[in-house]
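Structure first, commentary second.
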Amino acid sequence: MTVLVLNGPNLGRLGVREPDVYGTATYADLVARCEEVAKESGVEVDVRQTDTESEMIGWLHDAADAGSPVILNAGAWTHTSVAVRDAASQLSAPLVEVHLSNVHARESFRHTSYLSDIAAAVVVGMGLEGYAAAIRFLAVS
Ligand code: DQA
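Numbering (the working numbering), first residue to last: 814 to 954.
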C-alpha cells in the first residue's frame with residue numbers, strides 16, 4: 814500500500830517559515846520522518862508539496878483513481894478551498910487531515926476547515942509527529 818502525503822502552500826519553507834509557530838524542522842526533515850515511520854509500519858509513502866492548487870487537485874484525482882489513502886496538510890487551502898475539498902471528497906480510501914500547529918489555538922479563520930468533516934481523522938499541533946501518527950493509523954486501517 815502506498816500512502817500519499819500531500820502538502821500544500823508554504824510547507825516547502827518549513828524550517829525558515831515562522832519557526833516560532835512551525836518549529837525548526839525543515840521540509841526535508843518532514844519527508845525523512847515520513848519515510849522512516851512508513852518503513853517501520855510496512856507501508857510505502859510518496860511525500861509531495863505544491864504551492865499550486867491545480868497541481869494539488871490533480872494529485873487528489875490520481876489518488877481517487879488509484880484508491881490510495883491520503884494524508885493531507887492543505888495549509889491555508891484548508892480554510893479557503895471548496896475545490897480542494899471537492900477533490901478530496903472523491904477519495905475512496907481514508908483521508909487524514911494533518912496540521913503541524915494547533916490551528917484551534919490560533920486566529921479564528923484557522924478554526925474553520927473544509928476538510929475535517931470528510932476526514933477519517935484529524936491531527937493538529939503535533940508537528941512532524943502528527944504525520945507519523947497518521948501513517949501508523951493508515952497502516953492499520
Ligand atoms: C498549517 C496551518 C494552516 O493554518 C496554515 O495556513 C499552514 C500550515 C499547519 O500545518 O499548521 O500553512 O496547515
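By construction, the Cβ of each residue, glycine as well, lies at the ideal position given by its N, Cα and C atoms.
| Check | Outcome |
| --- | --- |
| Name the two residues that bound the continuous alpha helix (DSSP H) containing Leu873. | 866-879 |
| In the DSSP output, which residue or residues are listed as bridge partners for Leu885? | Leu819, Glu910 |
| Do you know offhand how far Asn886's Cα is from Gly855's? | 22 Å |
| Run the proximity test for Arg861: is its beta-carbon closer than 6 Å to any non-hydrogen atom belonging to ligand 1? | no |
| Going straight from the alpha carbon of Arg898 to that of Thr891, what length do you get? | 8 Å |
| I want to check one thing, is the minimum distance from the CB of Ala934 to the heavy atoms of ligand 1 below 6 Å? | no |
| For the 8 Å Cβ check, are there 3 or more pairs between the region 816-831 and the region 861-880? | yes |
| For Thr839, which of Ala945, Val916, Leu827, Gly880 has the nearest alpha-carbon? | Leu827 |
| Could you name the residues that DSSP lists as bridge partners for Asp859? | Leu817 |
| What are the start and end residues of the alpha helix (DSSP H) that includes Ala838? | Per DSSP, Ala838 belongs to no alpha helix (DSSP H) and is neither H nor E. |
| Kindly indicate the opening and closing residues of the beta strand (DSSP E) around Val937. | 934-937 |
| On a CA-only basis, which of Tyr944, Val953, Phe950 is nearest Arg846? Give me that one, please. | Tyr944 |
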